[in-house]
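I have placed the structure first, in the form of structure tokens, so that the comments after it can refer back to it.
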Amino acid sequence: MVGLHLSHLSGNYRPEFLTRKDLFMNQAPQAVQPAQWHQIIESSKDKFNSSSLDFKQEQIFATQQLMNNSYLLDVAKKNLSSLRLAMYNVAAVGLTLNPNQGLAFLVPRRLRRNEDAKVMLDISYRGLIAIGVETGAIRWAKAELVYEKDQFSYKGPAEKPDHVCDPFSTDRGSIRGGYCIAELPSGGVLVEAMSKADMDKIRDVSEAFKKGFGPWVDWAEQMMLKSIVKRASKWWPISNPRMAQALRILNEENGEGLAILANQHKPVTPSALPAPPPREELSAQLLNTVKNLVDRAKNQNAFEACKEVMVERIKDPSELAYALDELDKAKAQPVPSSAVNQ
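Here the sequence shown stands for residues 1232 to 1573, numbered as in my numbering.
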């Protein structure tokens, strides 16, 4: 074996020799330590123990998204805690970051101009539908926008609407609203229709939109569809912690605006409202609206969702008192087993 005396390297005599292999190993560079953002992703591993997602796969998808978006990577490096929270949220809602499925993404976002950007988990309307399907609340769902030149006929919450349009036209007019159809496990359907005015109310409470940036500016149509699905999901049967967590993330952490229901309408208590007026003092339109909402709440056993809708739509305190009183009466009645999930 050919050797090199150590004195040839250091100038100091030592009795041992180094082989060529030893010399090569001693000169090899030290292993590069993983970047902090890599370590942050790795630190979220335990959160996936109770998730249906495979952490190694999500780690790859997260890394790919960061490496393919220089601005996202820069935000992650500057705000590591937001990256950690975003990965925690991936595990909590159980939606993969696989870009081919388009259910959830890591995005850089600021809620206010004077704030530093953060890494956030963005959940698409398809992601919300996926949660509903995976948890058994619905079989499938589809959200669509309706334009001025479309022919649209709404037939109520339990029947599919007629929507005739030319999907290839580049001139369908302005957006009028939208709807979501969901098929229940029983085979029936639930339809939620939403006007453009209601969409605008949600958009207008977004702090980012008020400042002229954010998802409502960059992805307006996608946000409209998401708003429809958010509202529709409140009527889907089966208590769903994953859906509740997804909506909390979107509304509270991401500032998308549907928190209007929680922020602008404080919990209603009987003492805060006047006594319900007699029926004869109320308009036929209001009576019909309240009846439809109450019937829907009974059929779907969705009294809390119905209460939120009443508080959102009925502004007059006396009319709201009547509506909530009717809802309380219906809630106190036994619910026929045949009515559940119809």
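Note that beta-carbon positions come from the ideal geometry of N, C-alpha and C, so glycine has one too.
| field | Segment limits, alpha helix (DSSP H) that includes Y1385 | value | Unbroken run through Y1385: none, as it is neither H nor E.
| field | Sequence-distant residues of its chain with Cβ nearer than 8 Å to A1372 (five each side left out) | value | I1360, G1363, V1364, C1411, I1412, A1413, E1414, V1460 and A1463
| message | Considering just the uninterrupted stretch of the alpha helix (DSSP H) at D1435, what are its terminal residues? | response | K1427 to D1435
| Residue from E1483, Y1553 and S1283 whose Cα sits closest to the Cα of V1513 | According to the sequence as given, residue 1513 is Leu; it is not Val. Of the candidates E1483, Y1553 and S1283, the one whose C-alpha sits nearest the C-alpha of L1513 is Y1553.
| query | Hey, would you say A1317 sits closer than 8 Å to L1352, going by beta carbons? | reply | yes
| query | Taking the DSSP output, what are the residues bridged to F1336? | reply | Residue pairing by DSSP puts F1336 in a beta bridge opposite D1353.
| Does the segment 1372-1384 come close enough to the segment 1474-1489 that 3 or more CB-CB pairs lie under 8 Å? | no
| request: Look up E1483 in the DSSP assignment and give the residues it is bridged to. | output: In the DSSP output, where bridge partners are listed per residue, E1483 has none listed.
| query | Would you report the Cα separation of K1427 and D1393, rounded to the nearest angstrom? | reply | C-alpha separation (whole angstroms): 18 Å.
| For F1632, the nearest candidate out of Y1378, K1386, K1391 and V1448 (CA to CA) | No answer is possible for residue 1632: the residues shown for the chain start at 1232 and end at 1573.
| message | Suppose the cutoff is 8 Å on Cβ atoms and the five residues either side in sequence are ignored; what does the same chain contact list for L1303 look like? | response | Q1296, L1297, L1337, V1338, P1339 and V1350
| Hey, out of N1482, P1416, E1557 and A1389, whose CA is closest to P1509's CA? | Out of N1482, P1416, E1557 and A1389, E1557 has the C-alpha closest to the C-alpha of P1509.
| request: Determine whether the Cβ of L1326 lies closer than 8 Å to any Cβ atom of chain B. | output: Here chain B cannot be found, since the structure has a single protein chain.
| field | Close Cβ partners of G1408 (< 6 Å) along its chain, the five nearest in sequence each way excluded | value | V1377, M1425, S1426 and K1427
| said: Quick check: the Cα distance between M1454 and F1292, rounded to an integer number of angstroms? | reply: 23 Å
| query | E1557 lies in the alpha helix (DSSP H); which residues open and close that run? | reply | For E1557, the enclosing alpha helix (DSSP H) covers residues P1548 to A1563.
| How is the beta strand (DSSP E) around E1438 delimited, first residue to last? | Not the beta strand (DSSP E): E1438 falls in the alpha helix (DSSP H), residues E1438 to K1441.
| field | Euclidean distance between Cα positions of P1498 and S1301 | value | Unreliable placement is indicated for P1498, whose pLDDT of 46 sits below 50; no coordinate value is reported for it.
| said: Taking the beta strand (DSSP E) that L1517 belongs to, which residues open and close that run? | reply: Run containing L1517: none in the beta strand (DSSP E); it sits in the alpha helix (DSSP H), A1515 to Q1531.
| query | What does D1277 pair with, by DSSP beta-bridge criteria? | reply | Answer by DSSP bridge pairing: none, since D1277 is not bridged.
| request: Would you kindly report the start and end of the unbroken alpha helix (DSSP H) that includes E1379? | output: Run containing E1379: none; DSSP gives neither H nor E here.
| Cβ-based neighbour list, A1561, same chain, cut-off 8 Å, excluding 5 preceding and 5 following | V1525, A1528, K1529 and F1534
| query | Can you give the Cα-Cα distance for M1541 and P1505, rounded to whole angstroms? | reply | 16 Å
| field | Residues bridged to L1421 (per DSSP) | value | According to DSSP, residue pairing for L1421 in a beta bridge involves A1413.
| query | Sorted by chain position, which residues of the same chain lie with C-beta nearer than 7 Å to S1384's C-beta, five sequence neighbours on each side aside? | reply | P1392 and D1393
| task | Please go through the same chain and pick out, in chain order, the residues whose beta-carbon is closer than 8 Å to the beta-carbon of N1310, but skip the five residues on each side of it. | result | D1347, A1348, K1349 and V1350
| request: Assign R1315 to one of two classes, buried (16 or more other C-beta atoms within 10 Å of its C-beta) or exposed (fewer than that). | output: Counting every other CB atom within 10 Å of its CB across the protein chains shown gives R1315 a total of 16 or more, marking it as buried.
| Stretch pair the segment 1269-1288 + the segment 1318-1338: three plus CB contacts closer than 8 Å | yes
| Which of the three DSSP states, helix, strand or coil, is assigned to G1358? | helix
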